[in-house]
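Student: Pasting in a structure now, in structure tokens, and then I'll have a few things to ask.
Chains as they are written, first to last, in this note's numbering: chain B, 777 to 891; chain A, 12 to 120.
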């Protein structure tokens, strides 16, 4: 069974440009999470989808970030326009909805560099 | 956010048991204790979780104190591949993970 897949693995863009990150969760996982690690800082939560609905988006830094999960399958995270401080590694995770104590599976991350 | 306290760093000799402590004194009765780790720059990896009883799986053992205010993750025979940052947190399940600074565990050859 495939794990959580993120694309691209690396992205280098100029300030002001737009970038879209994609996450394919494990099939059947209704929970989908986005996290970000900025250089030297802790991994921070961005938002949580349950199927196609945003359950918690309290970690989204500002309105330059837009996350979608149409159809409740894969998710995209768009940054528009990108700023230098958006550089970091963006992780996606998924887990099953059934039951309370479920483990989350993480992708390998997308390393975003804004220059 | 759920608050845990972990040592910043620890060393352990290869082949020995690594014991990583975590304080979670504000945990409520229905919240689970979770452990994850991040090896270098890879995505975080689930290790184990528990509610009240001690737990064991193929990766590690989790010992939770009777008052549930602290726990210890045990890697029974540490290998060089266990060098990573280990994170402990608690929540009700199906919620966001809260990563603190974790414990940087270094396995010494």
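Glycine included, each C-beta is placed from N, C-alpha and C at the ideal position. These numbers come from a predicted model, not from an experiment.
Does residue 120(A) get closer than 8 Å to chain B when you measure Cβ to Cβ?
Tutor: no
Student: Output the boundary residues of the beta strand (DSSP E) element that contains residue 844(B).
Tutor: 841 to 844
Student: What is the rounded straight-line gap between the Cα of residue 32(A) and the Cα of residue 51(A)?
Tutor: 21 Å
Student: Kindly list the residues whose CB is nearer than 8 Å to the CB of residue 49(A), restricted to its own chain and excluding five residues on each side of it in sequence; keep chain order.
Tutor: 55, 56, 95, 96, 98 and 113
Student: Any idea if residue 4(A) is buried or exposed, counting beta-carbon neighbours within 10 angstroms, 16 or more meaning buried?
Tutor: Because residue 4(A) is not part of the residues shown, which for chain A are 12 to 120, the question remains open.
Student: Give the single residue among 880(B), 804(B) and 812(B) whose Cα lies nearest to the Cα of residue 835(B).
Tutor: 812(B)
Student: What in chain B is Cβ-close to residue 55(A), meaning under 9 Å?
Tutor: Neighbours of residue 55(A) on chain B, chain order: 811, 819, 867, 869, 880 and 882.
Student: Tell me which residues share the same chain as residue 71(A) and place their Cβ nearer than 8 Å to its Cβ, disregarding the 5 neighbours each side in the sequence.
Tutor: 46, 58, 59, 84, 85, 86 and 87
Student: Since residue 21(A) sits in a beta bridge, which residues does DSSP pair it with?
Tutor: 116(A)
Student: Can you pull the chain A residues whose beta carbon is under 7 Å from the beta carbon of residue 873(B), in chain order?
Tutor: 105
Student: Can a CB atom of chain B be found closer than 8 Å to the CB of residue 108(A)?
Tutor: yes
Student: For residue 41(A), I'd like the list of residues in its chain whose CB is within less than 7 Å of its CB, leaving aside the five on either flank, ordered along the chain.
Tutor: 103
Student: Within its chain, find whatever has a CB closer than 6 Å to the CB of residue 842(B); leave out the 5 residues flanking it on each side and keep chain order.
Tutor: 854
Student: Leaving out the 5 sequence neighbours to the left and right, which residues in its chain are closer than 8 Å to residue 38(A) when beta-carbon positions are compared?
Tutor: 13, 44, 79, 80 and 101
Student: Determine whether the Cβ of residue 52(A) lies closer than 8 Å to any Cβ atom of chain B.
Tutor: yes
Student: Anyone know if the C-beta pair for residue 866(B) and residue 823(B) falls short of 8 Å?
Tutor: no
Student: Since residue 827(B) and residue 804(B) are thought to touch, with beta carbons under 8 Å apart, how far apart are those beta carbons, to the nearest angstrom?
Tutor: Between residue 804(B) and residue 827(B) the Cβ distance is about 11 Å, and since that is not below 8 Å, they are no contact.
Student: Do you know whose CA, among 872(B), 789(B) and 864(B), lies nearest residue 809(B)'s CA?
Tutor: 872(B)
Student: Assuming contact is defined by CB atoms lying nearer than 8 Å, are residue 879(B) and residue 111(A) in contact in what I supplied?
Tutor: no
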